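> Sequences listed follow chains A and B, in order.
Reading the first sequence from the start, the letters are residues 1 to 356 in the working numbering.
Reading the second sequence from the start, the letters are residues 1 to 356 in the working numbering.
Just so it is clear, CB atoms sit at the ideal spot from N, CA and C, and this is done for glycine as well.
Source: prediction; values computed, not measured.
Please find one structure pasted underneath; my questions will follow.
Number of protein chains: 2
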Amino acid sequence: MSDVANTRPTLAAVARRAGVSASTASLVFSGAGPVADATRARVLEAAAELDYAGPDPTARSLRRGRTGVIGLVTEDSLGDAFRDPVNLALLDGLGEELSDDAYGLLVLPWTGEPGGVDLGDVPMDAAILLGCSVDLARSVEILQRRRIPIVAIEAPPLPGVVPIDLDNAEATARGAGLLRELGHERVALVTLPLDLARERGPLTPEREAAATAYTAIERIRGARSMFPDAVGVSAGGSTVAEGHAAGLALLDVPAADRPTAVIAQSDLLAAGVIRAAEELGIDVPGELSVLGFDGIRLDGITPHVLTTLVQPSVEKGRLAGRAVRAALADGAAPGSAVTAELRRGETAAAPRAAGR
Amino acid sequence: MSDVANTRPTLAAVARRAGVSASTASLVFSGAGPVADATRARVLEAAAELDYAGPDPTARSLRRGRTGVIGLVTEDSLGDAFRDPVNLALLDGLGEELSDDAYGLLVLPWTGEPGGVDLGDVPMDAAILLGCSVDLARSVEILQRRRIPIVAIEAPPLPGVVPIDLDNAEATARGAGLLRELGHERVALVTLPLDLARERGPLTPEREAAATAYTAIERIRGARSMFPDAVGVSAGGSTVAEGHAAGLALLDVPAADRPTAVIAQSDLLAAGVIRAAEELGIDVPGELSVLGFDGIRLDGITPHVLTTLVQPSVEKGRLAGRAVRAALADGAAPGSAVTAELRRGETAAAPRAAGR
DNA sequence: AAACGGGGTCGAATCGATTCGATCGAATCG
DNA sequence: CGATTCGATCGAATCGATTCGACCCCGTTT
């Protein structure tokens, strides 16, 4: 009652007060091991008297070698990472799997270099890399030295990293194939940001070569497998506004130079392109076909059912969650791959169907 | 090279190999204290040889008493918490403040009881409560026992908890006042979920009395200060779809029974109500005025500029971040309050303006 | 009645670092 | 040239718990 007043009580203090050893007190709180009812009651009473809040999580983590925390590394700012509906769906799946084991999700925006979080300094049991580019390799190394299991969602293959893959290139190729079948020849691309700089602007061979964002690169590759010479514009993010700007850049030109189809790398970008077309008086799909990617719900954002590649976002989250759990339990880690399916919506048709 | 092969190397091992004491090796990595260049080099070399990844964050946390983690407690599922644009904006503000000190944000969905995360078991330096209801009081107690500073955003006042408040009741009253001035008398409410159950349905005195969601309660109170007898419907979430459903419930009735204005507790709900009105052939604002709350961007979700109460969401995040930093630095914690401002948009007008 | 078994408790080692105070040699000062 | 100071390093204590093996006592089994 004298020196314990100010400082936080410890398990040892509780044990002393209850007249038992620290080991026994520990057993009371952890639930493991047999403890006589009378003893348990005495310890709990002592704890209540001292206002003890239970074992310190940090100390427990050290001893047990587990923190109960899983890091989610993103390359976006905190807010932007979750502004993408695909990531939200992924979070749903992830939450489903992780909540069972009461894991907490530690969101770590990885900005590149300056003063940001050093992945090596963060206490966590495993890491999930979300939409991370090639630059991350160094951080991956640190985590691996620390023997932390890593699950990467749509990342370039790295040794020791469990991949959750999406057939970005192949799926895009399938979508592009549809456009080709319909008879399109002048096709333009609207891509996701190419790198951490997120600079928007026309796609040049140099910029493409310097790109680091894996998903964007793969989808470009898929599109180019059908339309090798397609022109394009890179957006500064996956938003309707960015798609709108990109759309204007591509479509606000003499009709002869205008593409007859746009391959957008996300549904939000596609919606923006469609909006731009509407503003310019270009009929979709009559004069312009638009292909999206993701298959998110576009409630009221566009009146059309988008022609797009529907990816199983929630499932990706579940798979990532399961992979983490498996890695933590067995040490073994099942990688996996999912597939996006082409949905023929209402925004793709044969070129010049309007009969000009 | 023999027994060190399998297990993770420790600072002690590195020190031994470099021929220095553990204390000196620690100084090398922490940067504190003077170390001779030659010694430093030797230690780093030893570390490299052993593939040492730097001091273990868990051990460091225990010794230092700091984890570098801040808990963000929400009552939604992982995904749903971030589906609300207001929360995203808040995250932006929070990230701004927290990234400087390289704090990680640990997202903790608090589901109530079953097997979810126990807030007492999570290693964190401070906690931010986001949109949390009265039920949380017990968890708050645990955190306080653990001497963890708590910042609560829009929560009922609790002793020892730093509040970041919004004038929900007063702002709503101002908005309702506008409707009254315009001449409305039959006004209906569309509220946010009343509790963790999120049951949708008509507002009854019993349900209102049993409500636990602070923000919803306050906004109802504000509305009732102008329209004591307003009928209402509670939604199951802050989404356009929920607003749409609520709108249909309120508006799909004989015109004589229909309210002339709806006070929605969020912009998304308001957008849903407007959509429902459109479907029913009810003109907004001619036959129905709609008031929102939040002031988010509703890009293309509705053609109108919403009449709404614009709250400074990003600022709330910043304030919360600053409060956390202050609490961690000084122990002192500045609470604060922000105000929502009425924006007269295009969705409120005098009743029956269409001249029936 | 001796041996056995097991529930209940305790001591001591351990998890991996940080940090305070002490030590020691060398450089600086008067 | 002796005294003081400063830089570099080390030992030992500490952070707060968990856990393994040992131990004791008492009820069973044969």
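1. Going by Cα to Cα distance, which pick from S133(A), T10(A), A276(A) is closest to L158(A)?
2. Output needed in chain order: residues of the segment 107-132 of chain B with a Cβ under 9 Å from some Cβ in chain A.
3. What number of angstroms, rounded off, separates the C-alpha of A244(A) from the C-alpha of A255(A)?
4. Against chain B, does P312(A) count as a neighbour if the rule is that its beta carbon must be under 9 Å from one of theirs?
5. Spatial neighbours of A326(B) within its chain, please: C-beta separation below 8 Å, excluding the five flanking residues on both sides.
6. Using a Cβ-Cβ distance cut-off of 9 Å, determine whether L105(A) contacts chain B.
7. Check the DSSP bridge columns for D294(B) and list the partner residues they point to.
8. At the level of alpha carbons, what is the spacing between P55(B) and D121(B)?
9. What's the call for E341(B), buried or exposed, on a 16-neighbour Cβ count within 10 Å?
10. When the Cα atoms are used, what is the spatial distance from G68(B) to A329(A)?
11. By the three-class DSSP mapping on this structure, what secondary structure does E341(B) have?
12. Using the C-alpha atoms, what's the distance from V314(A) back to Q311(B)?
13. Using a cut-off of 9 Å between C-beta atoms, extract the partners of L94(A) located in chain B.
14. Starting from the beta carbon of A89(B), find every residue of chain A whose beta carbon is closer than 9 Å, and list them in chain order.
15. Hey, could you find the ends of the alpha helix (DSSP H) T24(A) is sitting in?
16. According to a CB-to-CB cut-off of less than 8 Å, which residues of the segment 274-299 of chain A neighbour chain B?
17. With distances taken between CB atoms, is the gap from A277(B) to A264(B) smaller than 9 Å?
18. Along chain A, which residues have their Cβ under 7 Å away from the Cβ of V59(B)?
19. May I ask you to list, following chain order, the residues of the segment 228-258 of chain A that have a beta carbon less than 8 Å from some beta carbon of chain B?
20. Out of D37(B), A261(B), A13(B), E97(B), state which residue places its alpha-carbon closest to the alpha-carbon of E181(B).
21. Does any CB atom of chain B fall closer than 9 Å to the CB of A357(A)?
22. Are V233(A) and L203(A) closer than 9 Å when you measure CB to CB?
23. Shorter than 9 Å from the beta carbon of V14(B) to some beta carbon of chain A?
24. Among G295(A), L189(A), E208(A), which has the Cα closest to the Cα of T339(A)?
25. For the ligand SAM, I want to know if A261(B) counts as a neighbour, meaning its beta carbon is within less than 8 Å of at least one of the ligand's heavy atoms.
26. Hey, V161(B) and L129(B): beta-carbon distance below 9 Å or not?
27. Beta-carbon of T67(A) versus every beta-carbon of chain B: anything under 9 Å?
28. I'd like to know whether the C-beta of Y214(B) is nearer than 9 Å to at least one C-beta of chain A.
29. Does the separation of the CB atoms of G317(B) and A213(B) fall below 9 Å?
30. Counting contacts by CB-CB distance shorter than 9 Å, is S26(A) in contact with chain B?
31. For A223(B), which residues of its own chain have a beta-carbon under 7 Å away from its beta-carbon, when the five flanking residues on both sides are left out?
32. I need the straight-line Cα distance from V290(B) to S99(A), nearest angstrom please.
33. Per the contact definition of three or more C-beta pairs closer than 8 Å, is the segment 273-287 of chain B in contact with the segment 146-158 of chain B?
34. Helix or strand or just coil, what does DSSP make of G95(A)?
35. Go ahead and label A32(B) buried or exposed: buried means 16 or more other beta carbons lie within 10 angstroms of its beta carbon, across all protein chains shown.
This is what the structure holds:
1. S133(A)
2. V107, L108, P109, T111, G115, G116, V117, D118, G120, D121, V122, P123, M124
3. Inspection of the sequence shows that residue 244(A) is occupied by His rather than by Ala. Whole-angstrom Cα-Cα distance: 18 Å.
4. no
5. A332, A333, P334
6. yes
7. Looking at the DSSP assignment, D294(B) forms a beta bridge with V310(B).
8. It is roughly 23 Å from the alpha-carbon of P55(B) to the alpha-carbon of D121(B).
9. exposed
10. 26 Å
11. DSSP places E341(B) in strand when its eight states are reduced to three.
12. Approximately 32 Å between the Cα atoms of the pair.
13. L78, G79
14. G79
15. 22-30
16. R275, D299
17. Result no, Cβ atoms of A277(B) and A264(B) do not sit closer than 9 Å.
18. Inspection of the sequence shows that residue 59(B) is occupied by Ala rather than by Val. Under the 7 Å cutoff, chain A gives L62.
19. Among the residues of the segment 228-258 of chain A, those with a Cβ less than 8 Å away from any Cβ of chain B are V240, A241, in the order of the chain.
20. A261(B)
21. Chain A is shown from 1 up to 356; residue 357(A) falls before or after that span and cannot be answered.
22. yes
23. Interface with chain A (9 Å Cβ-Cβ cutoff): V14(B) is excluded.
24. G295(A)
25. The ligand SAM is not part of the structure shown, which contains no ligands of any sort.
26. yes
27. yes
28. With its beta carbon at least 9 Å from every one in chain A, Y214(B) lies outside the interface.
29. no
30. no
31. Leaving aside the five residues that flank A223(B) on each side, the residues in its chain whose CB is nearer than 7 Å to its CB run, in chain order, T172, A176, L189, A230, I263.
32. Cα to Cα, the separation comes out at about 38 Å.
33. no
34. It is helical.
35. exposed
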